[in-house]
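S.K.: Here it is: the structure, laid out below.
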Amino acid sequence: MTTTHAYPPSGAQPGAPACDGEGQPLLELPHTAAPGLRRVGVRPRWPYKTVLITAKALEGLLAAQGDLDRQGDGLALSVIRGYETPAQTARRNRLRRLGAAIFTRLYPRRRAEAAGIFSTNGHDRSGDHVDVRFAVAGKTPVLLPLGPLTPAWLIRRTHRLHGPELERVWAALRKAGFRIHPNASEALQIHADFGSR
Ligand SMILES: [Zn+2]
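At position 71 of the sequence shown (counting the first as 1) the number is 70 in numbering that gives the first Met the number 0, and the numbers step up by one without a gap.
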């Protein structure tokens, strides 16, 4: 199966690395207007304009989208983050440290979660680590209203509101070869690691 022709590397930005930290070649996916049948959307997280990802992780996402398409319930995946360059990681790590400090201050009982939520989670190593979001009939639900600082009660609310769709998305990703992050916040971030089931 090869559908990567849908993502020409023409959106490449100057200075984008050709390989990730593990020496795997990277595809640089430009922002796409909308996901569609057998097509995964690309919505790079601000302030970035592209997503860097390995071909096998993209194939995995396309397989997951194909699985969802066959179920016919209008769920559409977009990838929002893949490999982070060392410069991006250095910038983000400053925010991560700040976020972890605020998180442990706000939620001292969830202190043990901070490492999982505010670590690079492999984004600094390879393009096999992605963050995904999904839309239902064109609408993207907000799963983490306060981002990584979303309190546990709002996480439970998201599960009540979007549990069935989330389960279908996680199941399709797992079937396609991804491992979903075990932390509750990161699972709603839909952080998925390809090839590490
Ligand atoms: Zn992630």
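Here a beta-carbon is modelled for each residue, glycine too, at the ideal position from N, C-alpha and C.
Owing to the predicted nature of the structure, the values given are computational and were not obtained by experimental measurement.
(1) Hey, how far is the Cα of leucine 97 from the Cα of aspartate 66?
(2) Looking only at its own chain, which residues have a Cβ that is under 6 Å from the Cβ of arginine 42, when we skip the five neighbours before and after it?
(3) Within the segment 95-183, note down every full beta strand (DSSP E) run reaching 3 residues or more, in order along the chain.
(4) Does threonine 84 come out as helix, strand or coil in the three-state DSSP assignment?
(5) Specify, as a first and last residue, the run of the alpha helix (DSSP H) that glutamate 27 falls within.
(6) Report whether the distance from the Cβ of aspartate 19 to the nearest heavy atom of ligand 1 is below 6 Å.
(7) Starting from the Cα of histidine 122, find the closest Cα among Glu185, Arg173, Arg159 and give me that residue.
(8) Is aspartate 130 near ligand 1, with its Cβ less than 6 Å from a heavy atom?
M.R.: With the given structure in hand:
(1) So the alpha carbons of these two residues sit roughly 38 Å apart.
(2) Ser77, Ile79
(3) 128-135, 177-179
(4) coil
(5) Here glutamate 27 belongs to no alpha helix (DSSP H); instead the beta strand (DSSP E) covers 26-29.
(6) No, the Cβ of aspartate 19 stays beyond 6 Å of every heavy atom of ligand 1.
(7) Glu185
(8) yes
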